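Everything in the sequence shown is counted per my numbering, starting at 1 for the first residue and increasing by one. Just so you know, even glycine gets a beta-carbon here, dropped at the ideal spot from N, CA and C. What you are looking at is a predicted structure, and each value in this text was computed from that prediction instead of being measured.
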Amino acid sequence: MENLRIDRSGYTLVDQVEEKLIQYFKDKGFRPGSSIPNENELAASLGIGRTVLREALSRFKMTGMIQSRTKRGMTLAEPSLLASLQRSMNPLLMSDATLRNLFEMSIVIEIGTAGFVFDKLTPEDIAHLEKIVERQEKIGDHYDLEFHIALYNRLGNHMISEFQTLIIPVIQNIINDNRPAFDAKRKELISNGKFVSHRHLLDLIKAGDKRGYCEAIKHHFDEFEDYFTCKKIDAESLIRQIVEEAL
């Protein structure tokens, strides 16, 4: 418990307590399940009141890093890495740049994992994808994301699945706000014979054409290309405008 005394200058006291505790857990080699000293010991070692300590500990508890159990006291646990992200994943509070970056990240993950997903698809998965595509074609909902959700789930990676669950409402919000532009781009791609639909992707899966599928998934998102390009151009124009005005 030595060297836990904190420097009261700089950023907030609670932030400093957090950092000190994290360093303490690392120095002691604590792992999930390790017992943590009680509040009185920690507060005395830090030279702070229990109110401040409890606020810092509550942050850890919110992320699942610390658990309190009857008769066992506090123990270290594996934190939920996406817990804090879940609380802040509100598209109404995000800038256009942040929304674009999240959308791009989602697309990059899907393209990057295409080969892994393809190898894990079972006949039952393919039958499920067929039902999804048939329903989408019947109701004419080209932006329904269930097809992509089903693909993500085949990875068996809980981190990617959790991220995908968080990002879906954000993507849906972007689509709703930009639907006219996306519709126009889709029609252009269709007229040029370049649009890659869910049906096209499913046909490649059924044919066992892994290379064709991995290539097609890259172009499946071409309908959003102008959205990304437009946003970037607008940002560059804004920077130029600011520089010109400054001069």
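For T75, the enclosing beta strand (DSSP E) begins and ends at 73-76. DSSP links Q67 through a beta bridge to T75. As the crow flies, the alpha-carbon of F228 is around 15 Å from that of D183. Rounded to whole angstroms, the separation of the alpha carbons of P123 and F163 is 26 Å. Taking all protein chains in view, the Cβ of Y24 is crowded by 16 or more other Cβ atoms within 10 Å, so the residue is classified as buried. The criterion of a C-beta distance shorter than 8 Å is not satisfied by L155 and T98. Straight across, the Cα-Cα distance linking S35 with R135 is about 52 Å.
Look at the beta carbons and you see the region 187-197 touching the region 215-226: at least three pairs across the two are nearer than 8 Å. F118 has its alpha-carbon roughly 15 Å from the corresponding atom of R199. Residue pairing by DSSP puts S35 in a beta bridge opposite T75.
Here the alpha carbon of V108 sits roughly 16 Å from the alpha carbon of N157. For K71, the closest C-alpha among the options L57, M65, N38 is that of N38.
If one requires a minimum length of 4 residues, the alpha helix (DSSP H) runs lying completely within the region 140-203 are 146-153, 158-191, in chain order. Counting only residues of its own chain and dropping the five nearest sequence neighbours on each side, N178 has a CB closer than 7 Å to the CB of Y227. Sixteen is the threshold: since fewer than 16 other Cβ atoms of the shown chains lie within 10 Å of the Cβ of R50, the residue is exposed. Nearest Cα to F60 within the set Y152, A43, S80, G73: S80.
Taking C-beta separations shorter than 8 Å and ignoring five residues to either side along the sequence, A207 has no partners in its chain.
Straight-line spacing of the CA atoms in R211 and R100 works out to 28 Å. In this structure, M89 sits near V170, with a CB-CB distance shorter than 8 Å. Sixteen is the threshold: since fewer than 16 other Cβ atoms of the shown chains lie within 10 Å of the Cβ of Y11, the residue is exposed.
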